[in-house]
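Here the structure comes first, spelled out in structure tokens, and everything after it is commentary.
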């Protein structure tokens, strides 16, 4: 018996084998399907997918062979990866000096062998796709061609595994980064909110204590200070809501009704008396993430009230359902929006530079939050608007 030589690039080859994270893994159907097909095509009782690992021949997929690994120094595959040919065929191992007295021949009757090296895109020979038989024989051209083709499919599975592993690593890094960003945003927003609230309170106190004493210029400065601080406070509040929405997404779905959702959203979002709200009446049970839907409705209803320029403000909320989705819409009789700006209003920090009825500019966070919540519920959101007549926000939630 002659032991297989160690390849000159063994260090790099071994690192390539380890990079796929396949060694010592559980059986997988995708690999087992290949060995079963190869065994059928070649009419061989044994078919294996192997990886040459340090001092062993690890068997990833095993069709017809009772062991999961064997010593590398007695392996046929160790010889196969050193060959220049696409396929190594041993018709009768008992007459080949490399395998005389080999335990695989004597104990397992591995008489016939045909193996194709598994070559990755970098050119490293990782292992083999091989077949064994208990008697001397040959493979015809079709069988050889099939064995070579299937070896490439095995390598493709290795590469897919590597790509999935890379994507999983990227996902974990992004999740960690997102957690850090959420924490940072929450801490910064909270730390900024307190002094800004104090500035607003002190500004209002100065106004009250100095009524009739301030000249027009001083009043202008105070108004500017108060409006700027209020705008910054709204911006920070929006950021907090945007990042806290991730917590809402973790909540489970529960049974409720459309009427119940609208009643609760109305109490939160519509305190004014000069607002007429009409809605579809439905007590039919629906199963949704209740907190998420409430947040969406509160945001849309609040916007309808804030940017309403008619007296009274009229809002109509509609509900229907299809086979796969719950369908909602919020229609108002407000200012409306230009058509060329409708595609961007759901982008984070995008605003129309339009002041609400209290004289404040939007932050560009609210509708981005709504879109984020809707899409995480398997739905979509869109808007139709006519300047001077109002807007209709329509969104779906997957059942």
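Residue numbers (my numbering): 232 to 630. Backbone N, C-alpha and C define an ideal beta-carbon position, used for all residues, glycine too.
Which residues in the same chain have their Cβ closer than 7 Å to the Cβ of residue 375, if we skip the five residues on either side of it in sequence? Taking the chain shown and counting its residues from 1, the one referred to as residue 375 is at position 144. Excluding sequence neighbours, residue 375 sits near 318.
Can the beta-carbon of residue 229 be found closer than 8 Å to that of residue 344? Because the chain is modelled from 232 through 630, residue 229 falls outside the range shown and cannot be assessed.
Whether or not the region 338-354 and the region 307-316 are in contact is what I'm after, with contact meaning three or more pairs of Cβ atoms, one per stretch, closer than 8 Å; do they touch? With a cut-off of 8 Å on Cβ pairs, the region 307-316 is in contact with the region 338-354, counting three or more such pairs.
According to the neighbour-count rule (16 or more other Cβ atoms, all chains shown, within 10 Å of its Cβ), is residue 443 buried or exposed? Walking along the chain shown from the start, residue 443 turns up at place 212. Exposed, by the Cβ-count rule.
Straight-line CA distance for residue 497 to residue 251? Within the chain shown, numbered from 1, the residue matching residue 497 stands at position 266. Within the chain shown, numbered from 1, the residue matching residue 251 stands at position 20. Roughly 55 Å separates the two Cα atoms.
Where residue 530 and residue 500 are concerned, what is the direct C-alpha to C-alpha distance, given to the nearest angstrom? On the chain shown, position 299 is the one that residue 530 refers to. On the chain shown, position 269 is the one that residue 500 refers to. Approximately 8 Å between the Cα atoms of the pair.
Report the residue from 244, 236 and 452 whose alpha carbon sits nearest the alpha carbon of residue 350. On the chain shown, position 119 is the one that residue 350 refers to. Out of 244, 236 and 452, the CA that lies nearest to the CA of residue 350 is found in 244.
Using 10 angstroms around the beta-carbon of residue 391, count the other beta-carbons present and answer buried if the total reaches 16, otherwise exposed. For the purposes of this step, residue 391 is identified with residue 160 of the chain shown, where counting begins at 1. Flag for residue 391 reads exposed.
Note the first and the last residue of the continuous beta strand (DSSP E) segment covering residue 617. Translated into positions along the chain shown, residue 617 becomes position 386. Where residue 617 is concerned, the enclosing beta strand (DSSP E) stretches over 612-617.
Any chance the region 320-338 sits against the region 352-362, with 3 or more Cβ pairs inside 8 Å? no
Let me check one thing: in DSSP terms, what residues is residue 585 bridge-paired to? Within the chain shown, numbered from 1, the residue matching residue 585 stands at position 354. DSSP, once it has assigned bridges, lists no residue as partnering residue 585.
Three-way DSSP call (helix, strand, coil) for residue 277 in this model: The sequence position of residue 277 within the chain shown is 46, counting from 1. The answer is strand: DSSP assigns residue 277 an E or B state.
Which word fits residue 550, buried or exposed, when buried means at least 16 other C-beta atoms lie within 10 angstroms of its C-beta? Here residue 550 refers to the residue found at position 319 of the chain shown. Buried: at least 16 other Cβ atoms inside 10 Å.
Cutting at 8 Å between CB atoms, please list the residues of its own chain near residue 255, excluding the five before and the five after it. Taking the chain shown and counting its residues from 1, the one referred to as residue 255 is at position 24. The answer, listed in chain order, is 289.
Check whether the region 375-385 and the region 394-407 are in contact - that is, three or more C-beta pairs closer than 8 Å. no
Limits of the unbroken beta strand (DSSP E) element including residue 563: On the chain shown, residue 563 is found 332 positions in, with the first residue counted as 1. It spans 556-563 - the beta strand (DSSP E) in which residue 563 sits, taken as one unbroken run.
Provide the residue(s) that pair with residue 623 in DSSP beta bridges, ordered along the chain. Taking the first residue of the chain shown as 1, we reach residue 623 at position 392. DSSP output for residue 623 lists 562 and 615 as bridge partner(s).
Output needed for residue 602: all residues of its chain with C-beta closer than 6 Å, excluding positions within five of it in sequence on either side, in chain order. Within the chain shown, numbered from 1, the residue matching residue 602 stands at position 371. These residues qualify, in order along the chain: 577 and 612.
Assuming residue 367 and residue 322 form a contact by the criterion Cβ under 8 Å, report the distance between their Cβ atoms to the nearest whole angstrom. As a first step, residue 367 is located in the chain shown; it is residue number 136 there, counting from the start. As a first step, residue 322 is located in the chain shown; it is residue number 91 there, counting from the start. About 5 Å separates the two Cβ atoms, so the contact holds.
Endpoints, the alpha helix (DSSP H) within which residue 602 is located: Translated into the one-based positions of the chain shown, residue 602 becomes position 371. Taken as a continuous stretch (DSSP letters only), the alpha helix (DSSP H) holding residue 602 covers 597-607.
What number of angstroms, rounded off, separates the C-alpha of residue 370 from the C-alpha of residue 283? Start at 1 with the first residue of the chain shown, and residue 370 comes out as number 139. Start at 1 with the first residue of the chain shown, and residue 283 comes out as number 52. Spanning the two alpha carbons is a distance of roughly 24 Å.
Considering only residues of the same chain and omitting the five flanking positions on each side of residue 336, which have a CB-CB separation below 8 Å? Here residue 336 refers to the residue found at position 105 when the chain shown is read from its first residue. Only 324, 325, 330 and 342 meet the Cβ criterion.
Can you tell me whether DSSP reads residue 632 as helix, strand or coil? The structure shown does not extend to residue 632, since the chain spans only 232 to 630, so no value can be given for it.
Spatial neighbours of residue 393 within its chain, please: CB distance less than 6 Å, with the 5 preceding and 5 following residues excluded, ordered by chain position. By one-based count along the chain shown, residue 393 stands at place 162. Excluding residues within five positions, the ones whose Cβ falls inside 6 Å are 251.
In the structure shown, what three-state DSSP assignment does residue 297 receive? As a first step, residue 297 must be located in the chain shown, where it is residue number 66. Here residue 297 sits in coil by DSSP.
Per-residue burial, residue 279 [other beta carbons within 10 Å of its own, 16 or more giving buried]: By one-based count along the chain shown, residue 279 stands at place 48. Looking at its Cβ environment, which holds 16 or more other Cβ atoms inside 10 Å, residue 279 is buried.
For residue 484 and residue 518, believed in contact at Cβ under 8 Å, the rounded distance: Taking the chain shown and counting its residues from 1, the one referred to as residue 518 is at position 287. Taking the chain shown and counting its residues from 1, the one referred to as residue 484 is at position 253. Contact flag correct, Cβ pair sits at about 5 Å.
Nearest-angstrom beta carbon gap, residue 489 and residue 522 [assumed within contact, 8 Å]: Here residue 522 corresponds to residue number 291 of the chain shown, with the count starting at 1. Here residue 489 corresponds to residue number 258 of the chain shown, with the count starting at 1. That belief does not hold up - the Cβ atoms of residue 522 and residue 489 are roughly 16 Å apart, past 8 Å.
With distance defined between alpha-carbon atoms, name the residue in 441, 435, 439 and 440 nearest to residue 455. As a position in the chain shown, residue 455 is number 224, starting the count at 1. Considering only alpha carbons, the answer is 435.
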